[in-house]
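As they're listed, the protein sequences go chains A and B. Each residue of the first sequence is one higher than the last, beginning at 15 in our numbering. Each residue of the second sequence is one higher than the last, beginning at 176 in our numbering. We put the CB at the ideal spot given by N, CA and C, even for glycine. Heads up: the structure comes next, in structure tokens.
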Amino acid sequence: MSEHHYQLNFGPQHPSAHGVLRLVLELDGEVVVRADPHIGLLHRGTEKLMEHKTYLQGLPYVDRLDYSSMMANEHALCLAIEKLLQIDVPIRAQYLRVMFDELSRIMNHMLWVGTCALDLGAMTVFLFGARERESCFDILEATTGARMHPNYYRPGGVYRDLPDKMPQYQSTLRSAEELARMNANRQGTVLDFIEAFAKQLPLRIDDIETLLTDNRIWKQRTVGIGVVPTEQAVALGCTGPMLRASGIAWDLRKKQPYAVYDKLDFDVATGTGGDCYDRYLVRMEECRQSAKLILQCVNWLRANPGPVISDDRKIAPPPRAQIKADMEALIHHFKLFTEGFPVPAGEVYAAVEHPKGEFGVYLVSDGGNKPYRVKLHTPDFVHLSMLAAMAPGHMLSDVVALIGTYDIVFGSVDR
Amino acid sequence: MRPSLSQLKNTLTGILSENVVLVEAYRELTLEVPMAQLSATMQCLRDNPDLSFDALIDVAGVDYEEFTGRDPDALRFAVVYHLLSTRHNWRLRVRAFVENEEEPAAPSMAPLWPSADWMERECFDMFGIAFDGHPDLRRILTDYGFTGYPFRKDFPLSGHIEMRYDPEQKQVVYEPVTIEPRDNVPRIVREPHYGDSTPMPLPPSEPKV
Chain A
15 MSEHHYQLNF GPQHPSAHGV LRLVLELDGE VVVRADPHIG LLHRGTEKLM EHKTYLQGLP
75 YVDRLDYSSM MANEHALCLA IEKLLQIDVP IRAQYLRVMF DELSRIMNHM LWVGTCALDL
135 GAMTVFLFGA RERESCFDIL EATTGARMHP NYYRPGGVYR DLPDKMPQYQ STLRSAEELA
195 RMNANRQGTV LDFIEAFAKQ LPLRIDDIET LLTDNRIWKQ RTVGIGVVPT EQAVALGCTG
255 PMLRASGIAW DLRKKQPYAV YDKLDFDVAT GTGGDCYDRY LVRMEECRQS AKLILQCVNW
315 LRANPGPVIS DDRKIAPPPR AQIKADMEAL IHHFKLFTEG FPVPAGEVYA AVEHPKGEFG
375 VYLVSDGGNK PYRVKLHTPD FVHLSMLAAM APGHMLSDVV ALIGTYDIVF GSVDR
Chain B
176 MRPSLSQLKN TLTGILSENV VLVEAYRELT LEVPMAQLSA TMQCLRDNPD LSFDALIDVA
236 GVDYEEFTGR DPDALRFAVV YHLLSTRHNW RLRVRAFVEN EEEPAAPSMA PLWPSADWME
296 RECFDMFGIA FDGHPDLRRI LTDYGFTGYP FRKDFPLSGH IEMRYDPEQK QVVYEPVTIE
356 PRDNVPRIVR EPHYGDSTPM PLPPSEPKV
């Protein structure tokens, strides 16, 4: 360390560190000379824990990795288990999964744009993003019973179909008119609510873009900052919006389609500059495409009722009513929730286009009722690893923009 | 249109040497490489234009010590790489077993793919596999001053030490764990064809004395 350089400890308790990032910076004046991210303060050993749980018990753990886009995490694990089991997922469940994946993407990007704008000094965007997320949470709560950690996807399908009624606000403190106004868009089914949400979302994104896209301060803080050159992006391990902002149209939903993405119409947003500003533009466009995908799923789901989980009773539990009447169903239920189901020996890798990039699950089974080894590949772990190479030469305040636009959630970096 | 697995398989068998084993299972390809040849093979996988695996997606350590049906003399640790070619839209898994169990080591892939840097640090942290040629091999996820390799199968789930704030000493103290290890659902591996509807052949009855 040179004599006139000094060291700065950034985090782990810093609002711009997006959780518990400890960044040891060596500074020359205000310019970063060396950056050394210290991670692991949220390490819970998810992979090891999952080795000691049955496959069904392991599912809730992946919700807690990237807790801003939970459903996409579940999707990857379910795909891996289904690949080993070689079972088919009912088509309706696949549409439901795509719809909830895209809802997760909107939730993730709304949180991202809000927090990133907060880091760079814009307050209002966070409130706009939080409002849209609140609608998504209501959908999750109505469908799965939980707002943050739904545990909705199961090997072989999803836990249950969409409910017929959207829950309404009830209050003894508010006036009848106010309640009626609050419940105006909650008169129909959950699907109606989702449709209304997806239809108005582009307008809400317009609101956010009005605040940021041509905002002089926002552009001064992001344009030309943290450029990931196109030719290095792949080797550095970029995936998802990070890669697309550098101009590479790589999207697993198009390139290696899973679920029903190959039957749906959507475009892949790409940038040109690979800087913080392009990452912002790509994510905003992705939200619009997600809304488009959700509307296609809503139309399909409305027209095509059907089962939402496999009828293989060795994998998926029988319906509740059957357990009361049928001895075999009762035994299946008991076995599934005590011993779990055995998964054939072998190893698979399943990846999904997570809102942050490629989220992959490498699953090794020795034929038991628990995974032998699970390796969770999370995109933001790799993206954060680029920071040491990207930060030098930037100003200290640009490091905040860098961390912000990497879209990092520590649940998933530290696992 | 995605190129087929057989296309990748044919290309690989044409290019790679005899010593590697190519396995196809669950519509995925796994390449088993001896550790001594790993660096050269990976270099070839990346640079050969017919393969051009330009992205190293993941590096995973695996401890096969308790794997059901494993030969007890077989090697214990393996490093598993997941490669992706964005040009050809191919994926490939490469596995190399670590030869020395006491001082496990593998060549670093960081010179080939910069993304290997943290993944190898994580593998070193969790399994104690040293990566030769890694620019900065330090622990990454575990606590400062941590000892042991937590993802090895002989490392207990509850760990060895726990920490708490001690109000008398007014500082955080580390102590041996007090929680009892507990496993509510045992790991069960059934014999092949368990529960099939065809009855198992009855064992030959013992002669009565």
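Reduced DSSP secondary structure (H/G/I, E/B, other) of residue i
| i | result |
| --- | --- |
| Met162(A) | coil |
| Ala211(B) | helix |
| Trp264(A) | coil |
| Met137(A) | coil |
| Met409(A) | strand |
| Gly360(A) | strand |
| His257(B) | strand |
| Trp288(B) | coil |
| Asp12(A) | One cannot answer for residue 12(A) here, as it falls past the ends of chain A, which runs 15 to 429. |
| Arg357(B) | coil |
| Lys389(A) | strand |
| Tyr275(A) | helix |
| Gly189(B) | helix |
| Lys83(A) | Checking the displayed sequence, the identity of residue 83(A) turns out to be Ser instead of Lys. In the structure shown, Ser83(A) sits in coil (DSSP, three-state: anything other than H, G, I, E or B). |
| Ser379(A) | strand |
| Thr205(B) | strand |
| Glu17(A) | coil |
| Gln346(B) | strand |
C-beta atoms of residue i and residue j nearer than 8 Å
| i | j | result |
| --- | --- | --- |
| Tyr291(A) | Val255(B) | no |
| Val46(A) | Val413(A) | yes |
| Asp380(A) | Tyr420(A) | no |
| Lys384(A) | Lys67(A) | yes |
| Ala253(B) | Phe272(B) | yes |
| Ile153(A) | Leu125(A) | no |
| Ala281(B) | Met217(B) | no |
| Leu91(A) | Ser426(A) | no |
| Ser260(B) | Ser214(B) | no |
| Arg106(A) | Pro369(A) | no |
| Gly418(A) | Thr253(A) | no |
| Val282(A) | Arg316(A) | no |
| Gly354(A) | Tyr69(A) | yes |
| Ala31(A) | Leu37(A) | yes |
| Met113(A) | Ile308(A) | yes |
| Gly374(A) | Tyr363(A) | yes |
| Tyr294(A) | Thr352(A) | no |
Residue i, buried or exposed, once every other Cβ within 10 Å from all chains shown has been counted against 16
| i | result |
| --- | --- |
| Asp178(A) | exposed |
| Asn313(A) | exposed |
| Asp77(A) | buried |
| Arg145(A) | exposed |
| Pro164(A) | buried |
| Gln108(A) | buried |
| Glu65(A) | buried |
| His309(B) | buried |
| Phe424(A) | buried |
| Asn318(A) | exposed |
| Glu276(B) | exposed |
| Leu22(A) | exposed |
| Phe299(B) | buried |
| Lys62(A) | buried |
| Tyr378(A) | With the sequence shown as reference, residue 378(A) is identified as Val, and Tyr is not the correct amino acid for it. Buried. |
Length of the line joining the Cα atoms of residue i and residue j
| i | j | result |
| --- | --- | --- |
| Val352(B) | His335(B) | 6 Å |
| Thr322(B) | Tyr349(B) | 13 Å |
| Gly25(A) | Ile329(A) | 45 Å |
| Glu274(B) | Tyr324(B) | 18 Å |
| Leu141(A) | Glu148(A) | 10 Å |
| Lys306(A) | Ala402(A) | 37 Å |
| Tyr20(A) | Leu35(A) | 19 Å |
| Met338(B) | Ala200(B) | 44 Å |
| Arg302(A) | Met84(A) | 20 Å |
| Asp156(A) | Asp340(A) | Looking at the sequence shown, residue 156(A) is not Asp but Ala. Looking at the two C-alpha atoms, the distance is approximately 30 Å. |
| Asn194(B) | Val127(A) | 51 Å |
| Leu312(B) | Pro169(A) | 38 Å |
| Trp232(A) | Glu96(A) | 44 Å |
| Ser399(A) | Arg195(A) | 48 Å |
| Ala49(A) | Pro243(A) | 19 Å |
| Asn223(B) | Leu180(B) | 18 Å |
Any non-hydrogen atom of the ligand ATP within 7 Å of residue i CB
| i | result |
| --- | --- |
| Leu258(B) | With respect to small molecules bound, the structure shown includes none, and the ligand ATP cannot be examined in it. |
query = Taking three-plus beta-carbon pairs below 8 Å as touching, is the region 293 to 305 of chain B in contact with the region 228 to 245 of chain B?
reply = The region 228 to 245 of chain B and the region 293 to 305 of chain B touch, with three or more beta-carbon pairs separated by less than 8 Å.
inquiry  = Assess contact between the region 164 to 183 of chain A and the region 263 to 275 of chain A, defined as three or more Cβ pairs (one per stretch) separated by less than 8 Å. Is contact present?
reply    = Contact between the region 164 to 183 of chain A and the region 263 to 275 of chain A is absent, because fewer than three Cβ pairs lie under 8 Å.
ask   = Any contact of the region 183 to 195 of chain A with the region 203 to 222 of chain A, i.e. 3+ C-beta pairs under 8 Å?
value = Verdict: no, contact absent.
task = For the region 132 to 140 of chain A and the region 221 to 239 of chain A, state whether three or more C-beta atom pairs, one from each stretch, are separated by less than 8 Å.
result = Contact holds: three or more Cβ-Cβ distances are below 8 Å.
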